[in-house]
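Student: Numbering (my numbering), first residue to last: 749 to 902.
Written out as structure tokens, the structure is:
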């Protein structure tokens with residue numbers, strides 16, 4: 749991503765098209781990043797919901813199905829509905845109380861919200877720039893067409 753300012757009036761239509769393609773690629777990249785953040789945020793919210801659901805269970809010997817794969821389960825029992833093993837990243841798992849786990853996910857969600865706002869601002873800026881470039885492409889094409897008509901009529 750380039751932070752330098754380009755004077756669009758000094759570029760020919762071909763150069764403008766190349767700049768627009770670059771902006772469109774960056775826009776697509778940021779849109780995909782925003783989508784990935786939204787997926788992660790949804791996952792963390794589901795974890796919070798699961799913790800809250802588990803807290804409501806009658807504490808001891810609650811039966812549930814434990815997934816071994818996407819379609820294979822075994823019966824299991826909840827030993828303690830107030831303790832959770834949390835994936836804290838890069839393959840590390842930490843046992844946390846319900847309150848600690850909820851706070852952990854709240855912090856993760858808040859960070860993702862902040863990053864989402866930043867990416868949305870970048871997307872807005874890139875979209876505006878892309879539209880401005882498109883306007884310059886049209887203007888340059890009109891000017892070239894007018895010049896061709898003038899040279900053809902002389």
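Idealized CB from N, CA, C, for every residue including glycine.
Is residue 844 helix, strand or coil by DSSP?
Tutor: Indexing the chain shown from 1 puts residue 844 at position 96. Strand at residue 844.
Student: For residue 793, which option in 818, 861, 753, 829 has the closest C-alpha, if you only look at C-alpha atoms?
Tutor: Counting from 1 along the chain shown, the entry for residue 793 is found at position 45. Among 818, 861, 753, 829, the Cα nearest to that of residue 793 is on 861.
Student: Is the beta carbon of residue 803 closer than 8 Å to that of residue 826?
Tutor: In the chain shown, counting from the first residue as 1, residue 826 sits at position 78. In the chain shown, counting from the first residue as 1, residue 803 sits at position 55. No; because the gap between Cβ atoms is not below 8 Å, this pair is not in contact.
Student: In three-state terms, what does DSSP make of residue 811?
Tutor: Residue mapping note: residue 811 aligns to position 63 of the chain shown, counting from 1. In the structure shown, residue 811 sits in a strand (DSSP, three-state: E or B).
Student: I'd like the list of long-range same chain contacts for residue 849, defined as Cβ closer than 7 Å, with 5 residues on each side in sequence excluded.
Tutor: Reading the chain shown from its first residue, position 101 is the one you call residue 849. 799, 832, 834.
Student: Less than 7 Å between C-beta atoms, sequence neighbours within five positions excluded: which residues of the same chain meet that for residue 781?
Tutor: Residue 781 sits at position 33 when you count from the first residue of the chain shown. Answer for residue 781: 867, listed in chain order.
Student: With residue 882 and residue 768 assumed to form a contact (beta carbons below 8 Å), what rounded beta-carbon distance in angstroms separates them?
Tutor: On the chain shown, position 134 is the one that residue 882 refers to. On the chain shown, position 20 is the one that residue 768 refers to. That pair is a contact at about 6 Å.
Student: Let me confirm a value: residue 710 is counted as buried when at least 16 other C-beta atoms fall within 10 Å, else exposed. Which label applies?
Tutor: Past the boundaries of the shown model lies residue 710; the chain is included only from 749 to 902, so the question cannot be answered.
Student: By a C-beta neighbour count over all protein chains shown, 10 Å radius and 16 as the cutoff for buried, is residue 789 buried or exposed?
Tutor: Along the chain shown, read from residue 1 onward, the residue named residue 789 stands at position 41. Per the 10 Å Cβ criterion, buried.
Student: Just list the beta strand (DSSP E) runs in the segment 771 to 830, keeping only unbroken ones of 3 residues or longer that don't cross its boundaries, in chain order.
Tutor: Counting whole runs of 3 or more residues, the segment 771 to 830 contains the beta strand (DSSP E) stretches 810 to 817, 820 to 826.
Student: My output table needs one value for residue 883: the three-state DSSP class, helix, strand or coil.
Tutor: On the chain shown, position 135 is the one that residue 883 refers to. In this structure, residue 883 counts as helix in the three-state DSSP scheme.
Student: Going by other Cβ atoms of all chains shown within 10 Å of its Cβ, with 16 needed for buried, is residue 758 buried or exposed?
Tutor: What you label residue 758 is simply residue 10 of the chain shown in a count that begins at 1. When all chains shown are included, residue 758 counts as exposed.
Student: Taking the straight line between their C-alpha atoms, what separation do you get for residue 814 and residue 886?
Tutor: On the chain shown, residue 814 is found 66 positions in, with the first residue counted as 1. On the chain shown, residue 886 is found 138 positions in, with the first residue counted as 1. So the two alpha carbons sit approximately 60 Å from each other.
Student: Since residue 812 and residue 829 should fall inside the 8 Å C-beta cutoff, what is the C-beta to C-beta distance between them, to a whole number of angstroms?
Tutor: For the purposes of this step, residue 812 is taken as the residue at position 64 of the chain shown. For the purposes of this step, residue 829 is taken as the residue at position 81 of the chain shown. 10 Å between Cβ atoms; not a contact.
Student: Judging by CA-CA distance, which residue of 754, 753, 763 is the nearest neighbour of residue 888?
Tutor: As a working mapping, residue 888 is identified with position 140 in the chain shown. Among 754, 753, 763, the Cα nearest to that of residue 888 is on 763.
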